[in-house]
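Number of protein chains: 2
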Amino acid sequence: MTMNSSGGRRKPPTIHDVAREAGVSRGTVSRVLNGGHYVSPAAHEAVNAAIRKTGYVVNRHARSLITGRSDSVGFLLTEPQERFFEDPNFNVLLRGCTQALAAHDIPLLLMLAGTEGERRRITRYITAGHVDGVLLVSSHSGDPIAEQLRAADVPLVACGKPIGLGSRVSYVAADDRDGAREMVRHLLSLGRRRVGVVTGPLDTPGGVERLAGYREVLAEAGMEADERLVVSGDYSRVSGELGAERLLAQAPDMDAVFVASDLMAQGVLTALERAGRRVPQDVAVGGFDDSPAALATRPELTTIRQPWDRISSEMVRVLLAQIGGEEAAAVILPTELVKREST
Amino acid sequence: MTMNSSGGRRKPPTIHDVAREAGVSRGTVSRVLNGGHYVSPAAHEAVNAAIRKTGYVVNRHARSLITGRSDSVGFLLTEPQERFFEDPNFNVLLRGCTQALAAHDIPLLLMLAGTEGERRRITRYITAGHVDGVLLVSSHSGDPIAEQLRAADVPLVACGKPIGLGSRVSYVAADDRDGAREMVRHLLSLGRRRVGVVTGPLDTPGGVERLAGYREVLAEAGMEADERLVVSGDYSRVSGELGAERLLAQAPDMDAVFVASDLMAQGVLTALERAGRRVPQDVAVGGFDDSPAALATRPELTTIRQPWDRISSEMVRVLLAQIGGEEAAAVILPTELVKREST
DNA sequence: ACACCGTGTGTGCACGCTCCCAATCATCCG
DNA sequence: CGGATGATTGGGAGCGTGCACACACGGTGT
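For the record, the sequence lines run as chains E and X. Position 44, counted from 1, in the first sequence is what the working numbering calls 37; the numbers after and before it change by one each time, with no gaps. Position 230, counted from 1, in the second sequence is what the working numbering calls 223; the numbers after and before it change by one each time, with no gaps.
Right under this line is the structure:
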């Protein structure tokens, strides 16, 4: 590991230097670098020794220039800023993706497409081939950028099922519907009979599917649908607060609420406390996500855990496969009920 | 904007295609791309038209190969994972940096150096020149990676004053000490006389400086130091909870606490509630950060706002200046007291 | 008339790498 | 033993760009 330790920045060693040091040709070094096929053990050894000695690191720009690949992927966020801040899931997802990519030595480029101008700039950047593929986080439907990328044949994996795009886009999602079903079944199993719901935005898959799961279970239990028990939020804390107030006004006899996100559930708890309802005695509250917020509430929140670690690793796996030429694919992962104090 | 709209991926246009289309040489196109000096208005116009017509986008790999720059920067996180999740400041910082860089058309590469192996891999990646500079988020002292990068002459800007590295490293920080002073003065102005503190880790600048500010103000007010009023946390919620319990045990007459982060303040509120102390009537609580957590608590938290948007834009500004050849610099930005319900 | 300047333009070269093809050599088959 | 096969190696070509240089041109000063 004799590095170039004298101060200052001098030119880094090239494949040429390694070849000279090892007494072989550039071609042989390149072959060692790319899998080592058709290289004699002796040459292989010599090249590796030379790499260690010179401290050589491949110049990715030169490589990309010839291969046409960039060996990097973009992590694209088209959400409005606020969600990015408030939603702890993004953190977990971002970290998971970064790590999964790091295992393949692929850097992650973070891209935020908030405004229209940024959207255009980023589309241009991506379609110019500066990244090999895109991990897309954009739950809202009709996202124009996804459509453009798909049209440009850019390998793409969405987090959550994209509504709106009829065409084949890969995605990885938790089983929202089944998670909702499990939570509502749990609430019913506690003897609750007037179960309300605060949904997510109904132009997001999470919003639609979790509501569907709620309705299914109630129907299966033979309970008739009561629209006074259904309100919509936007996943934000305050919208949970407002939603709970509306529910209490419309259906004062409510004895449980299924809230489609932990953050909204925080708001629901606030509103219930203000209204003098005890949780879980008077009203049981179930969240969704198992975000850190679920532990920050009092009482701690019963919730549905989404397997974010697996979601991120699957997103990366599917994306890399697609970059490698495979077809688009959909992956749906199971959720898990986490019982705490609020039910 | 006649793009290559037929499906499938074909070779993107090169500078050569643009030159042919515009009826000029590659050199002229290159000059237009890089500032447009020494180019006649007619040629300038023709080139721009040709760029629009062909949908040309510069190939950054080819450019990087010749210039030696990568036109990208790394955002390096050496914190252990947990902090990354829990601390909402990272989000704001990350977003701010990404946007500030986007204004210069510079992509941000997210790098997580949690384990020793990752640390080595990333150091290698960076020192190989794959990024032009690094935005470093690592409050703990004695971070070996910072030392290595500095030794390799990699442009570097830290978030928060790095302790430990004696050498000149650029950094941008909020005025921790002054913010702490302001909060403690505020608590004293409310008539509180037994003011406790839950510090951050004392190997971080935030931990040290905020404690120093606390001590200074108490000394200036002529109050004698009482070590029973001082405990340390690690910025996590639970450490705030434990810290408050210790304070209550050591100094039951405490009538105010300055907590060095909002997250820990959340824990402090939990512990105070459990102990039957009313906030702010019995004990006033002041946080630090003005993170979203400050609004999630009941009562809402009085806190010190750190100017994260300015911190991130300054970090980018200083880094780009340094990449451009300027000297290392330190920037300290003022904080602001945000009064809410907890004091 | 000459040299000189600054502006504007075209062209060869190099950046570091992968790919491809030809050359070499040992081995094997008929 | 001739030729075919396969493993291994070397080296040329070229990826798309910026840079250095040479050159053309019109105007200015001598």
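In this text, a Cβ means the ideal position worked out from N, Cα and C, and glycines have one as well. As the structure is a prediction and not an experimental result, all values here were calculated from the model.
Given that a residue counts as buried once 16 or more other Cβ atoms are within 10 Å of its Cβ, and exposed if not, what is residue i?
i, result
"L312(X)", "buried"
"T290(E)", "buried"
"E329(X)", "exposed"
"S33(E)", "exposed"
"R113(X)", "exposed"
"M(-4)(X)", "Because the pLDDT at M(-4)(X) is just 44, under 50, the model does not fix this residue reliably, and the value given afterwards should be weighed accordingly. M(-4)(X) is exposed by the Cβ-count criterion."
"R174(X)", "buried"
"R203(E)", "buried"
"I59(X)", "exposed"
"A214(E)", "exposed"
"D98(E)", "exposed"
"G89(E)", "buried"
"D136(X)", "buried"
Would you mind stating whether residue i and residue j have Cβ atoms separated by less than 8 Å?
i, j, result
"V127(X)", "I119(X)", "yes"
"A205(E)", "R221(E)", "no"
"V224(X)", "L240(X)", "yes"
"S65(E)", "L102(E)", "yes"
"L288(E)", "S335(E)", "no"
"R19(X)", "H9(X)", "yes"
"L70(E)", "L105(E)", "yes"
"A321(E)", "V162(E)", "yes"
"G189(E)", "A253(E)", "no"
"G318(E)", "P5(X)", "no"
"V40(X)", "V17(X)", "yes"
"D125(E)", "R185(E)", "no"
Just how far apart, CA to CA, sit residue i and residue j?
i, j, result
"L235(X)", "V191(X)", "10 Å"
"V261(X)", "I138(X)", "34 Å"
"V25(X)", "H37(X)", "6 Å"
"G279(X)", "P273(E)", "30 Å"
"L256(E)", "F251(X)", "27 Å"
"N84(E)", "L87(X)", "11 Å"
"G107(X)", "A286(E)", "24 Å"
"V331(E)", "Y49(X)", "52 Å"
"R267(X)", "A258(X)", "14 Å"
"G28(E)", "V309(E)", "22 Å"
"L180(E)", "V165(X)", "50 Å"
"G1(E)", "R270(X)", "Any reading at G1(E) needs caution, since the residue's pLDDT is 48, under 50, leaving its predicted position unreliable; the model's value is listed next. Each residue's alpha carbon lies about 59 Å from the other."
"A96(E)", "V231(E)", "39 Å"
"R117(E)", "S305(E)", "25 Å"
"E307(E)", "D227(E)", "27 Å"
"P155(X)", "D219(E)", "59 Å"
Does any residue of chain X have a CB that is nearer than 8 Å to the CB of residue i?
i, result
"Q259(E)", "yes"
"T263(E)", "yes"
"E111(E)", "yes"
"V50(E)", "yes"
"Q141(E)", "no"
"A121(E)", "yes"
"P100(E)", "yes"
"Q315(E)", "no"
"A95(E)", "yes"
"A15(E)", "no"
"A289(E)", "yes"
"E84(E)", "Glu is not the amino acid found at residue 84(E); the sequence shown has Asn there. Judged by the 8 Å Cβ criterion, N84(E) is in contact with chain X."
Could you confirm whether any beta carbon from chain E is found closer than 8 Å to the beta carbon of residue i?
i, result
"S63(X)", "yes"
"N27(X)", "no"
"S57(X)", "yes"
"R298(X)", "no"
"P245(X)", "no"
"H54(X)", "yes"
"L105(X)", "yes"
"R178(X)", "no"
"E334(X)", "no"
"P5(X)", "yes"
Could you tell me which of the options sits nearest to residue i, measuring between CA atoms?
i, options, result
"A264(E)", "A242(E), D219(E), E307(E) and G184(E)", "A242(E)"
"E72(E)", "P194(E), A323(E) and A286(E)", "P194(E)"
"F281(E)", "M176(E), L69(E), V50(E) and T91(E)", "M176(E)"
"V276(X)", "S306(X), L183(X), P300(X) and A214(X)", "L183(X)"
"L326(E)", "A253(E), S305(E), K332(E) and D168(E)", "D168(E)"
"R53(E)", "T47(X), G61(X) and K46(X)", "G61(X)"
"A43(X)", "V11(X), R187(X) and Q299(X)", "V11(X)"
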